[in-house]
Amino acid sequence: ETLQATINPSDATDDKTLTWKSEDENIAKVDGNGKVTGVGTGTTNITVITSNRKSAACKVTVVRQTPSVNYSTHVQDIGWQGYVKDGSTAGTTGQSKRLEAIRIKLSNNTSYKGTLQYQTHIQDIGWQGWKMNDDTSGTSGQSKRLEAIRIKLTDELAENYDIYYRVHAQEFGWLGWAKNGESAGTAGYSYRLEAIEVKLVEKGGKAPGSTQDAYRQRYVSYQTHVQDIGWQGIKYDGEEAGTSGQSKRLEAINISLSNPLYSGSIEYQTHVQDIGWQGWKANGQMAGTSGQSKRLEAIRIKLTGEMAKQYDIYYRVHSQEFGWLGWAKNGESAGTEGYSYRLEAIQIQLVKKGSSAPGST
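Residue numbers for the sequence shown follow this note's numbering, beginning at 216 and rising by one.
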């Protein structure tokens, strides 16, 4: 704001030079033209003084502006929608339309230094680099779905506010609220984002809703070759691969990590009828045999690198005559030796290092 002062009478012959002064420059400063700049919150007096020492004062109150977050999404078959703000829904629900891109910006933010930054995980591309200042994150004209998003604040903004956001994901609906750079959405499912809500909350304030289950990720995928069936579909994260109650042998398996968060690999070896323990396989290679009618009898699975430091790999098998055996982990043997019994099914699951096993060991 710029303050103005008028000298009366207007035809006075005195020097009309004016001097401006702030009583507290920690709250507001004033330049020689009366322009006031807020420095900190509070109230102070701005005084104008004439050449003959006449003066007048004005009380100035400085308050922090509350920033607002504005965002627009590019939606399948619709294109760019209008901007919404502060927790309103952008996108669609109940229409099965994918989000393809997003723009986010702040308004009313003259009080704090810093920026709002965001990045999206895109079909066939993965995580793009960070964007800011209303730049487009995602794609346009490529028919590629957004699958996840991260949003964060920097500098003084991050010191004074938390940024919360949640997404509406295909099959799952509304997920929980993520904040401050956490991932929101899915990984490994090939599911589209359909809508998003974004909200600023004063630092340490209450989240807009539940923060549980903001990001769903598939960690490990596996596929088994079954007697009389061949290769079955891919299973994930503790799902049963193979058969039970049909007396059909597992003959081969491949195992992979889905979207690993850390460096490292998954390795596995199988004990095969008439062969014994094969060498270690890794990252989707086939362990076992195909076309030889040989049963798997046991298996070992382990992680390597940083993945092994961050996670335990658990697995259990359904064995002929015994049914489901207990959970083995981190390279231990699961199954039987010396019985000539077939494996019939398997479950595999990643667990955070040191966390509880999925069941009895």
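C-beta: ideal position from N, C-alpha, C; glycine also.
Buried or exposed: which applies to residue 246, given that a residue is buried once 16 or more other Cβ atoms fall within 10 Å of its Cβ? Here residue 246 is taken as the residue at index 31 of the sequence shown, counted from 1. Around the C-beta of residue 246, fewer than 16 other C-beta atoms lie within 10 Å, and the residue is accordingly described as exposed.
Can you give the beta carbon distance from residue 467 to residue 501, rounded, assuming they're within the 8 Å contact cut? Here residue 467 is taken as the residue at index 252 of the sequence shown, counted from 1. Here residue 501 is taken as the residue at index 286 of the sequence shown, counted from 1. Right, the Cβ-Cβ distance comes to about 5 Å (below 8 Å), so this counts as a contact.
On the premise that residue 345 lies in contact with residue 357, defined as a C-beta separation below 8 Å, what is that separation, rounded to the nearest angstrom? Stepping through the sequence shown from its first residue, residue 357 is reached at position 142. Stepping through the sequence shown from its first residue, residue 345 is reached at position 130. Incorrect: roughly 20 Å between the Cβ atoms, too far for contact.
Just to check my reading of the structure: residue 360 and residue 338 have Cβ atoms closer than 8 Å, yes? What is that Cβ distance to the nearest angstrom? Taking the sequence shown and counting its residues from 1, one reaches residue 360 at position 145. Taking the sequence shown and counting its residues from 1, one reaches residue 338 at position 123. About 5 Å; that satisfies the 8 Å criterion.
Starting from the N-terminal side, write out each stretch of the beta strand (DSSP E) that is 3 residues or longer and does not extend beyond the region 281–339. The qualifying runs are 283–290, 314–322 and 331–337.
Three or more C-beta pairs closer than 8 Å, one from the region 459–466 and one from the region 411–431: is that the case here? Contact between the region 459–466 and the region 411–431 is absent, because fewer than three Cβ pairs lie under 8 Å.
What are the boundary residues of the beta strand (DSSP E) that includes residue 260? The residue labelled residue 260 in the question sits at position 45 within the sequence shown. Residues 257–264.
Using alpha carbons as the reference points, say which of 572, 414, 506 and 541 lies closest to residue 367. For the purposes of this step, residue 367 is identified with residue 152 of the sequence shown, where counting begins at 1. If we check each option's Cα against that of residue 367, 414 comes out closest.
Fully enclosed by the region 372–401, which beta strand (DSSP E) runs are 3 residues long or longer? List check, beta strand (DSSP E) in window: 376–384.
Over the uninterrupted alpha helix (DSSP H) stretch that includes residue 524, give me the two end residues. Position 309 of the sequence shown, counted from the start, is the residue given in the question as residue 524. It spans 520–525 - the alpha helix (DSSP H) in which residue 524 sits, taken as one unbroken run.
If you draw a straight line from the C-alpha of residue 566 to the C-alpha of residue 550, how long is it? Within the sequence shown, the letter at position 351 stands for residue 566. Within the sequence shown, the letter at position 335 stands for residue 550. Rounded to whole angstroms, the gap between the alpha carbons of residue 566 and residue 550 is 21 Å.
Within 10 angstroms of the Cβ of residue 341, are there 16 or more other Cβ atoms? Answer buried if so, exposed if not. By 1-based counting over the sequence shown, the position of residue 341 is 126. It counts as exposed.
Nearest-angstrom Cα distance between residue 569 and residue 240? Residue numbering aside, residue 569 sits at position 354 when the sequence shown is read from its first letter. Residue numbering aside, residue 240 sits at position 25 when the sequence shown is read from its first letter. In this model, residue 569 and residue 240 are separated by some 56 Å (Cα to Cα).
Would residue 561 pass as a contact of residue 514 if the rule is Cβ separation under 9 Å? Taking the sequence shown and counting its residues from 1, the one referred to as residue 561 is at position 346. Taking the sequence shown and counting its residues from 1, the one referred to as residue 514 is at position 299. Yes, Cβ-Cβ distance for residue 561 and residue 514 is below 9 Å.
Using a Cβ-Cβ distance under 9 Å, would residue 316 count as near chain C? In the structure shown, chain C does not exist; there is a single protein chain.
Starting from the C-beta of residue 267, find all residues in its chain whose C-beta is less than 7 Å away, skip the five residues before and the five after it, and write them out in chain order. Against the sequence shown, residue 267 aligns to sequence position 52. Excluding sequence neighbours, residue 267 sits near 229.
With 16 other CB atoms within 10 Å as the buried threshold, where does residue 270 fall? Locating residue 270 in the sequence shown gives position 55, where the first residue counts as 1. Exposed: under 16 other Cβ atoms inside 10 Å.
Do residue 439 and residue 450 have their CB atoms nearer than 9 Å? Sequence index remark: in the sequence shown, residue 439 carries index 224 (1-based). Sequence index remark: in the sequence shown, residue 450 carries index 235 (1-based). Residue 439 is a Cβ neighbour of residue 450, given a cutoff of 9 Å.
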